[in-house]
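I have placed the structure first, in the form of structure tokens, so that the comments after it can refer back to it.
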Amino acid sequence: MGCRSWPPGEETPVPYHVAVCGPGLDCAGEDKANAYRVGQLLAERGAVTICGGGIGVMAAVASGVRSKDGLVVGIRPNDTREGASPDLSVTLVTNMGEARNAIIVWSADAVIVVGGSWGTLSEVALAKRRGGVPVISLGGWRLLDKDGRPVPGIEHVETPEEAVEKALADTSES
Numbered sequence: 019m020g021c022r023s024w025p026p027g028e029e030t031p032v033p034y035h036v037a038v039c040g041p042g043l044d045c046a047g048e049d050k051a052n053a054y055r056v057g058q059l060l061a062e063r064g065a066v067t068i069c070g071g072g073i074g075v076m077a078a079v080a081s082g083v084r085s086k087d088g089l090v091v092g093i094r095p096n097d098t099r100e101g102a103s104p105d106l107s108v109t110l111v112t113n114m115g116e117a118r119n120a121i122i123v124w125s126a127d128a129v130i131v132v133g134g135s136w137g138t139l140s141e142v143a144l145a146k147r148r149g150g151v152p153v154i155s156l157g158g159w160r161l162l163d164k165d166g167r168p169v170p171g172i173e174h175v176e177t178p179e180e181a182v183e184k185a186l187a188d189t190s191e192s
């Protein structure tokens, strides 16, 4: 199971919280399929999934989690639950617009990016700026430095299985 001790050294296991980020409106079919599978795998491993709670990748990951009876939390940008995925276990309304992306990233022990959009890029940037959390990209942004080299600290993977394995690598039973 994807758990950690909290506080460190305590006996009570706390599930890992994994943010899954990706496009809403411009979500490709492959990204939806990958997000759905990521959700299933996270639920099977006992992780709590955090997402934006809307359409596209967010809805697909929520559906995958729910198909395996897992827990998925949607952090909504607006002031109502309108437009939230029906597969969410919990819907948190923030009325913060895209600033809610900071809540998503800071609540996570790892961040998986599926596909890419401008909002997704902001979540990658926030996770990198935060530091200390794995950032895994499945078909998402490939960021280069000024010399054209990949920016360190973003792991690019090819499958949902690899993404979840890397996200949960620090758990007690990875």
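Here the sequence shown is numbered in the numbering used here, starting from 19 and rising by one per residue.
Beta carbons: idealized from backbone N, C-alpha and C, even for Gly.
Quick one: grab the DSSP three-state call for residue i.
i	result
Ala185	helix
Arg167	coil
Ala51	helix
Glu176	coil
Ala13	This structure leaves residue 13 out entirely; the chain is present only between 19 and 192.
Quick check: the Cα distance between residue i and residue j, rounded to an integer number of angstroms?
i	j	result
Ala143	Ala61	26 Å
Ala117	Ala65	24 Å
Val32	Leu162	35 Å
Pro168	Val75	24 Å
Gly157	Ser140	16 Å
Glu191	Thr112	Reliability fails at Glu191, whose pLDDT of 46 lies under 50, so the model's placement of it is uncertain and the value that follows must be treated cautiously. So the alpha carbons of these two residues sit roughly 33 Å apart.
Given 7 Å as the limit, tell me if residue i has its C-beta closer than that to any heavy atom belonging to the ligand GTP.
i	result
Gly42	This structure simply doesn't include the ligand GTP, nor any ligand for that matter.
State yes or no: is the C-beta of residue i within less than 8 Å of the C-beta of residue j?
i	j	result
Ile73	Ile93	no
Cys69	Val90	yes
Ala128	Ile154	yes
Ala145	Val123	yes
Val83	Thr67	yes
Ser103	Gly71	yes
Val79	Ala53	yes
Practice task
Please specify which runs of the beta strand (DSSP E), each continuous and at least 3 residues long, are wholly inside the region 104-165, giving them in chain order.
Solution key: Restricted to the region 104-165, the beta strand (DSSP E) segments that are unbroken, complete and at least 3 residues in length are 108-111, 128-132, 153-156, listed in chain order.
Exercise for the section: Check whether the region 123-136 touches the region 36-44, counting contact only when three or more Cβ pairs, one atom from each stretch, lie closer than 8 Å. Expected result: Yes, they touch.
Practice task
Determine contact between the region 149-168 and the region 95-114, defined as no fewer than three beta-carbon pairs at a distance below 8 Å.
Solution key: These segments do not touch.
Exercise for the section: Could I get the ranges of all uninterrupted beta strand (DSSP E) runs contained in the region 72-101, with 3 residues as the minimum, in chain order? Expected result: Within the region 72-101, the complete beta strand (DSSP E) segments at least 3 residues long are 89-94, listed from N- to C-terminus.
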